[in-house]
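In the UniProt record's numbering, the protein residues as written are 1 to 541.
For reference, the structure discussed in these notes is given below.
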């Protein structure tokens, strides 16, 4: 038959047969609207909550147990389109996308594993892979589809399609598999669309290949374009993600509370040599010049609010972190006001308390900081308490700040948490910096730990100005309950009758003051200033 119709007709039929339009589904795009693509209403992970329209899902807690499926099979070349609606920066890894030949209606939700990768893809009939983390920003629209050869592609917004993985059999119905994992906390399912023909039939293979090589030479994702199929065999062996993300998140999950507020960010005012990224939840120094890398929290801290941060450091040597609190509203500062050495802030007129982490910091370390009702700044390192680091004046709103030194390449705010008794209280208002405010600098490297050795409680003390010092008046340190006591903060038996010189704090009895003065590196239990002398006082009756 082909020979009889002539050579020209044969060539025409062959060209038409191998045209990409030949492989489009018989069902036209318009008919897809009769069967809207939704999330499967019942087969989903234990942490998934879904709206009534079945188009929006959210992982309510943790970083896993977020597997979802489509409500119907996906046609070949039909784009599954997702919009990222919520991102939670405290985790690693992002969306896992793929397909399954198993009907979700016949899957028991109780039998779904925590992870699509590697648990679910290890089972027969499931194929998925992790989306690169840097593509998982809020507002991004991710489209993915499978072609007639079982190759899965994805694209971000209107970018060029990228080969994701291959080896998916298309002879049987396929449902979309979406694991709302890690950084990705919420997604919205948009109307599906058929793949445009310009994505199937590029104008020039060589031109597209060259642009792909140029693009990917600077692309950290190391993915390839639709036309660059030379790595197809390699992609067939990469259908699962790396397991360490799961174990890393599991370890991190044990260090964080079950409920973590994510409204805390870095302030827009920061040092000249640091950049705020990812909606001001990440601070990254550029390590040039004199390293002016101070960053502040975006708001004052609640009393007893715990702040969690995650460190990323170079592999060559450990990094160092300065931290502290200040009564100065960062909005009143200029980047040029912030020095490279945070301890020099003692010369300012506001209240500043500065310390440097005594432990070596490595990538992945999680630190927590809290100022309790006693005015004690406590720190924990990977869940292990490092004890009291500073005593601060918590009678006023305080912002936390950090200085990034050495090999620290990134600091991320994971979030904060409040004790149940404090939740629902309003954040203190942001005061303006008052020139008359006292100045104090505290160091966490005293030779002795008074809180441990002498069992000192820093509840309260009256703080008159020292008549023997030209220093400005010392700040008061009332507790959050505004309770005051005249008992010695060491023995709890005798009345307070001694002034410490030169800070002027009055918190000890004379007997405890004498014992404290004789100790090496003796310092004030309140402000950690060196004790030069003690002065007994007498009250008039």
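Idealized CB from N, CA, C, for every residue including glycine.
Since this is a predicted model, take the numbers as computed values, not measurements.
query, result
"Simplified DSSP assignment, three categories, for residue 332", "helix"
"Secondary structure, beta strand (DSSP E): runs of 3+ residues fully inside the UniProt domain \"NHR\" (263 to 416)", "266 to 270, 274 to 277, 282 to 285, 294 to 297, 306 to 313, 319 to 326, 352 to 356, 366 to 371, 376 to 381, 384 to 391 and 399 to 406"
"Residues of its chain near residue 372, where Cβ-Cβ distance is below 6 Å and the 5 sequence neighbours each way are ignored", "304"
"Nearest-angstrom Cα separation, counted from residue 50 out to residue 41", "8 Å"
"Within-9 Å CB hit, residue 71 to chain D", "No chain D is part of this structure, which consists of one protein chain only."
"Straight-line gap, residue 512 to residue 392 (C-alpha atoms, nearest Å)", "22 Å"
"Residue 510: first and last residue of the uninterrupted alpha helix (DSSP H) it sits in", "510 to 518"
"Sufficient close CB pairs (3 or more, under 8 Å) joining the segment 65 to 72 to the segment 176 to 183", "yes"
"Same chain only: Cβ atoms within 8 Å of residue 125, ignoring 5 sequence neighbours per side", "100, 101 and 102"
"Validate contact between the segment 386 to 406 and the segment 346 to 365 using beta carbons, cut 8 Å, 3 pairs", "yes"
"Residue interval of the beta strand (DSSP E) (run including residue 88)", "Looking at the DSSP string, residue 88 is not in any beta strand (DSSP E), and its letter there is neither H nor E."
"Straight-line Cα distance separating residue 312 from residue 166", "34 Å"
"Nearest-angstrom Cβ-Cβ length linking residue 154 and residue 143, presumed shorter than 8 Å", "7 Å"
"Coarse secondary structure for residue 101, derived from DSSP in three states", "coil"
"Segment contact flag, the segment 74 to 88 with the segment 181 to 199, C-beta cutoff 8 Å, min 3 pairs", "yes"
"Environment of residue 128 [buried if 16+ CB atoms lie within 10 Å]", "buried"
"Coil, strand or helix - residue 191 by DSSP", "coil"
"Whole beta strand (DSSP E) elements within the UniProt domain \"NHR\" (36 to 192), 3-residue minimum", "48 to 50, 56 to 59, 67 to 73, 78 to 87, 96 to 100, 126 to 130, 141 to 146, 152 to 156, 162 to 165, 175 to 179 and 184 to 189"
"Residue burial classification, residue 335 (beta-carbon count within 10 angstroms, cutoff 16)", "exposed"
"Nearest to residue 395 (by Cα), restricted to the options 406, 375 and 414", "375"
"Cβ shell of residue 88 (< 7 Å), same chain only, five flanking positions each side left out", "183, 185 and 262"
"Inter-residue spacing [alpha-carbon to alpha-carbon] between residue 488 and residue 497", "8 Å"
"6 Å CB neighbourhood of residue 343 in its chain, flanking five on each side removed", "354"
"When 332, 279 and 377 are compared against residue 269, the one with the closest alpha-carbon", "332"
"Proximity below 9 Å, CB of residue 411 to CB of residue 307", "no"
"Distance between residue 366 and residue 134 (C-alpha atoms, nearest Å)", "21 Å"
"Under 9 Å between C-beta atoms of residue 160 and residue 84", "no"
"Cα-Cα separation between residue 255 and residue 62, rounded to whole angstroms", "12 Å"
"Residue range of the beta strand (DSSP E) that includes residue 498", "498 to 501"
"Beta-carbon gap between residue 501 and residue 535 smaller than 9 Å", "yes"
"DSSP-derived helix/strand/coil call for residue 524", "coil"
"Residue 478, DSSP secondary structure in three states", "Residue confidence is low: residue 478 scores 39 on pLDDT, short of 50, so the model does not pin down where it sits. No coordinate-derived value is stated."
"Between the CA atoms of residue 503 and residue 347 - distance to the nearest angstrom", "16 Å"
"Chain-order list of residues whose beta-carbon lies under 6 Å from that of residue 345 (same chain, five-residue window excluded)", "352"
"For residue 487: DSSP bridge partner residues", "495"
"Beta-carbon contacts of residue 368 that lie in its chain and below 6 Å, excluding the five residues immediately before and after", "306, 308 and 380"
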